[in-house]
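Before any comments, here is the structure.
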Amino acid sequence: MTSTEERLRAAARAAADTVPPGSAPPLRLPDVQPGRARWDQRHRWVRALVPLAAAAAVAAVVIASLALTRGVPTSSSGGTASPARSAALSSVPPYYVALTSAATPAQAVVRSTATGAVVATVKPPRPYGEFKFVTAAADDRTFILAAQRWWPIASGTRGLTAEHRDNTTPVVFFRLRFDPATQTARLTLLHVPRKVPASSLDGMAVSPDGSRLALALYPAQIEVITIATGSARQWAWPGAVSSAGPWVGNSKPSGQPLSWTANGRTLAFPLTSESGGITWVMLLNISSPGGSLQSAARRGVSFLGLGHVKPGPVGNALITPDGTRITTITTQLEPSRARVTEFSARTGQPVSPPPAGATPGTLTPWSVLWTDSSGSTLIVNGIRTGPSAAVTGILRRGRFTPLPGAPLATDNVAW
Amino acid sequence: MGIPTRTSWAGARRSGPGWADDEAPAEAAEAVAALYGAHAVGLIRLAVVMLGDRAAAEDVVQDAFCGLYRRWGQLADTAKALGYVRACTLNGCRSELRQRLRAQRRDRQAPAEVLAVSAEQAVLLGEEHQQILQALRRLPDRQREALVLRFYLDLTEPEIAVSMGISPGTVKSTTSRGLAALGRLIQEAGR
């Protein structure tokens with residue numbers, strides 16, 4: 015009997031060999047011209063406006079300079095900030111932590127939300143090689159990081175030993191305290207008696223007061239650790255050991271899978287089905303007795319049976335700190351377009367209009383990364399039409415305010 | 009066709025303005041056609057492994073190259089075009105499998121019926137290979153893609169991480185879980 019990976023390799027090769035060399039059908043390119051060229055052809059008249067635009071730009075610079083001398087509030091990047099942009103920036107936490115992967119090299123970076131400037135950097139202490147997850151408390155000063163050893167692995171079957179060693183080595187947890195006054199960050203190793211293998215950790219969220227840490231463990235287990243004592247409570251979804259799910263988390267690490275209400279009593283988590291999209295957003299009452307996740311949690315939103323919303327894919331879903339809304343990205347069937355949708359946590363039905371306003375037509379959102387107390391201000395990422403493309407920004411009153419320098423990967427950033 | 013995996017997308021975008029419009033269409037068509045000539049068979053093979061259906065695989069790859077053509081002017085680095093079109097192919101396969109599963113739920117078909125290989129594939133593949141590939145297609149998206157990238161395309165861990173838009177650590181855990189789940193599914197099918 016050969017090993018699973020060798021059988022898979024042989025089967026894949028056999029399937030691939032059914033496509034002989036040189037058998038690809040001819041390429042049929044669409045009639046439309048590629049992106050920018052098409053725009054340029056339709057808008058040649060714009061060229062005539064270039065001198066006018068240059069003059070307007072000069073005038074704008076002069077006006078901006080005058081405004082600076084009169085003490086108009088400016089962004090910390092040095093440019094003038096519009097009232098809408100200033101309002102948006104003042105409604106979100108001023109700092110966040112982003113992780114970089116082992117290849118770049120691995121570190122946790124504290125950045126300014128308004129400017130994207132790096133204000134502090136920490137590396138995983140040896141022997142740890144990579145921070146795996148990050149989560150933020152409500153004070154915008156306390157962050158929890160999970161670190162793992164991380165050994166590089168080779169391609170194919172040659173790296174299986176290193177991979178197994180990496181997967182089975184427990185992760186450790188650090189508290190990162192950021193001091194805005196001194197612009198410094200300090201790491202403290204947390205005492206967590208529970209050993210969590212690196213391959214089991216699918217996400218984590220610290221409670222708003224920073225006292226408890228919730229872990230999403232594969233395949234369908236939630237664990238809440240009291241940080242001061244190291245004591246833990248576990249809930250497991252009964253029978254969830256099959257590859258068909260359900261499991262806690264999402265099909266890609268898109269945003270944080272876990273979120274807390276401000277009072278620290280309710281934890282929202284997604285259950286993902288075989289098709290890879292979130293099937294339900296569940297609400298766990300952490301004071302519930304027993305260890306069954308099915309008994310202790312109720313369905314907040316069910317994506318099965320919602321006629322106007324695809325059952326998947328949904329990147330992630332967050333409960334608002336006031337506990338009234340569950341906010342996520344959905345794809346409408348007709349017309350097919352991704353948008354931010356906010357659901358009532360009580361009824362599971364969409365709230366219309368959403369508190370953060372309608373998603374601008376120029377934005378195709380991927381994930382909700384942060385929400386304010388009621389879901390009226392969100393930080394989301396996605397693709398914007400135009401040259402700037404992939405962006406992270408603030409969605410507030412139907413207006414999207416891009417954040418400069420914000421990371422685009424979504425499993426490794428926390429506000 | 010869905011959007012490409014976010015890491016490869018972000019890495020492939022040009023931050024500044026596009027090219028001079030006089031050279032754009034010809035350059036794009038020639039470059040995309042050259043890329044298609046060099047890599048179309050490889051990508052169709054990848055899609056056949058994922059889908060088990062040659063016709064659907066060809067459609068997915070055709071869509072991926074059309075998407076590349078439309079966005080050619082926005083590529084930051086044309087050397088990354090292959091990574092982009094590979095990510096598009098994987099996304100196309102994912103969408104196709106999801107559509108089949110939705111149809112299965114709607115029409116109450118058995119999963120084996122929905123995920124079965126085409127008649128042509130059934131003739132060309134042995135029974136054991138068919139069984140393994142059917143089990144592969146029953147895995148969650150991320151596990152299936154990680155296994156195919158690792159054990160069929162022989163990509164390195166950082167390459168898989170970039171293609172899938174996940175961290176290297178997550179590549180490891182996903183591959184490990186995928187192998188374990190595949191082994192279980194193969195055992196179940198063999199009983």
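Line by line, the protein sequences are chains A and B. Numbers in our numbering are just positions in the first sequence, counted from 1, shifted up by 14. Numbers in our numbering are just positions in the second sequence, counted from 1, shifted up by 8. The beta-carbon is built from N, C-alpha and C at its ideal position, and this holds for glycine as well. This one's a predicted model, so the numbers in the text were calculated from it and none came from an experiment.
Helix, strand or coil, according to DSSP, for residue i in the structure here?
i                : result
Pro284 (chain A) : strand
Gln437 (chain A) : What the structure shows of chain A is the stretch from 15 to 429, and residue 437 (chain A) is not part of that stretch, so it cannot be assessed.
Gln121 (chain A) : strand
Gly321 (chain A) : Unreliable placement is indicated for Gly321 (chain A), whose pLDDT of 47 sits below 50; the coordinate value is still reported in the next sentence. Residue state, collapsed to three classes: coil.
Asn426 (chain A) : coil
Ser368 (chain A) : The amino acid occupying residue 368 (chain A) in the given sequence is Pro; Ser does not appear at that position. Pro368 (chain A): coil per DSSP, three-state reduction.
Val185 (chain A) : coil
Asn299 (chain A) : strand
Arg58 (chain A)  : Note that Arg58 (chain A) scores a pLDDT of 40, beneath 50, so its modelled location is shaky; the value from the coordinates is reported in the next line. DSSP places Arg58 (chain A) in helix when its eight states are reduced to three.
Asp149 (chain B) : helix
Asp162 (chain B) : coil
Gly49 (chain A)  : With a pLDDT of 46 at Gly49 (chain A), under the threshold of 50, the modelled position of that residue is not reliable, and no figure is offered here.
Ile340 (chain A) : strand
Trp80 (chain B)  : helix
Asp180 (chain A) : helix
Ala44 (chain B)  : As written in the sequence, residue 44 (chain B) is Tyr, which differs from the Ala given in the question. In this structure, Tyr44 (chain B) counts as helix in the three-state DSSP scheme.
Ser214 (chain A) : helix
Asn395 (chain A) : strand
Trp27 (chain B)  : Only weak support is given to the placement of Trp27 (chain B): the predicted model assigns it a pLDDT of 36, under 50, and the value that follows is read from those uncertain coordinates. Trp27 (chain B): coil per DSSP, three-state reduction.
Leu190 (chain A) : strand
Ile236 (chain A) : strand
Pro107 (chain A) : coil
Would you kindly work out how many angstroms separate the C-alpha atoms of residue i and residue j, rounded to a whole number?
i                : j                : result
Leu113 (chain A) : Pro39 (chain A)  : 43 Å
Val60 (chain A)  : Gln197 (chain A) : Model confidence at Val60 (chain A) stands at a pLDDT of 41, short of 50, so the residue's coordinates are unreliable; what they give is reported in the following sentence. C-alpha separation (whole angstroms): 46 Å.
Asn426 (chain A) : Arg27 (chain A)  : 35 Å
Val123 (chain A) : Val111 (chain A) : 5 Å
Ser91 (chain A)  : Ala37 (chain B)  : Residue placement at Ser91 (chain A) is flagged as unreliable, the pLDDT there being 40, under the threshold of 50; the coordinate-derived value follows with that caveat. When rounded, the distance between both Cα atoms is 41 Å.
Thr415 (chain A) : Pro148 (chain B) : 35 Å
Gly326 (chain A) : Arg42 (chain A)  : The predicted position of Gly326 (chain A) is uncertain, since its pLDDT is 47 and thus under 50; a value taken from the coordinates is nonetheless stated next. So the alpha carbons of these two residues sit roughly 30 Å apart.
Ser376 (chain A) : Val315 (chain A) : The residue you asked about is not Ser; residue 376 (chain A) is Thr in the sequence shown. If you take the alpha carbons of Thr376 (chain A) and Val315 (chain A), they lie about 27 Å apart.
Arg158 (chain B) : Thr182 (chain B) : 11 Å
Trp380 (chain A) : Pro35 (chain A)  : 38 Å
Ile167 (chain A) : Ala95 (chain B)  : 22 Å
Ala199 (chain A) : Pro364 (chain A) : 40 Å
Ile300 (chain A) : Val382 (chain A) : 24 Å
Phe187 (chain A) : Leu103 (chain A) : 30 Å
Leu417 (chain A) : Ala331 (chain A) : 21 Å
Ile393 (chain A) : Arg413 (chain A) : 12 Å
Leu187 (chain B) : Pro194 (chain A) : 46 Å
Leu161 (chain B) : Ile168 (chain B) : 10 Å
Arg99 (chain A)  : Pro107 (chain A) : 14 Å
Ala230 (chain A) : Val40 (chain B)  : 43 Å
Pro421 (chain A) : Arg192 (chain B) : 37 Å
Thr373 (chain A) : Val405 (chain A) : 14 Å
Phe147 (chain A) : Ala160 (chain A) : 5 Å
Ile11 (chain B)  : Gly278 (chain A) : Low confidence applies to Ile11 (chain B): its pLDDT is 33, below 50, so where it sits in the model is not reliable, and the reading given next is rough at best. Near 36 Å, if we compare the C-alpha coordinates of Gly278 (chain A) and Ile11 (chain B).
Ala370 (chain A) : Arg411 (chain A) : 5 Å
Gly337 (chain A) : Thr385 (chain A) : 11 Å
Can you pull the chain B neighbours of residue i, defined as C-beta to C-beta under 9 Å?
i                : result
Trp164 (chain A) : Pro176, Gly177 and Lys180
Ala212 (chain A) : Gly177, Lys180 and Ser181
Name the chain A residues whose beta carbon is nearer than 8 Å to that of residue i?
i                : result
Ala48 (chain B)  : Ala38 and Leu41
Leu141 (chain B) : Ala25, Ala26 and Ala29
What residues from chain B crowd round residue i, counting only those whose CB sits closer than 7 Å?
i                : result
Asn181 (chain A) : Lys180, Ser181 and Ser184
Candidates the options: which alpha carbon is nearest residue i's?
i                : options                                   : result
Glu356 (chain A) : A:Arg312, A:Ser388, A:Leu307 and A:Pro35  : A:Ser388
Val295 (chain A) : A:Asn277, A:Gly304 and A:Thr344           : A:Thr344
Arg23 (chain A)  : B:Ala46, B:Glu136 and B:Lys88             : B:Glu136
Thr391 (chain A) : A:Leu204, A:Arg200 and A:Leu409           : A:Leu409
Arg150 (chain B) : B:Asp162, B:Ala87, B:Ala42 and B:Lys180   : B:Lys180
Thr18 (chain A)  : B:Arg106, B:Leu144 and B:Val40            : B:Leu144
Ile194 (chain B) : B:Gly173, B:Ile140, B:Ala154 and B:Glu153 : B:Ile140
Ile340 (chain A) : A:Phe145, A:Ala352 and A:Leu281           : A:Leu281
Arg360 (chain A) : A:Thr378, A:Val262 and A:Arg313           : A:Arg313
Compute the minimum distance between the beta carbon of residue i and the heavy atoms of the ligand ATP, and state whether it is under 6 Å.
i                : result
Gly278 (chain A) : You won't find the ligand ATP in this model; it holds no ligand whatsoever.
So residue i contacts chain B; which residues on that side make the cut at Cβ distance below 8 Å?
i                : result
Tyr142 (chain A) : Ordered by position in chain B, no residue passes the 8 Å Cβ test against Tyr142 (chain A), which lies about 11 Å from the chain.
Arg21 (chain A)  : Glu136, Ile140 and Ile194
Going along chain A, which residues have a C-beta under 7 Å from residue i?
i                : result
Leu90 (chain B)  : Result: empty, since nearest Cβ-Cβ is about 15 Å, beyond 7 Å.
Val93 (chain B)  : What Val93 (chain B) touches in chain A: nothing, since even the nearest Cβ is about 12 Å away.
Leu187 (chain B) : Thr18 and Glu19
Val68 (chain B)  : Simply none; closest approach about 12 Å.
Leu155 (chain B) : Leu22
Cβ contact check for the region 132 to 150 of chain A and the region 172 to 179 of chain A: 3 or more pairs under 8 Å:
no
Say whether the region 207 to 224 of chain A touches the region 134 to 151 of chain A, bearing in mind that this needs 3 or more beta-carbon pairs closer than 8 Å, one atom from each stretch.
yes
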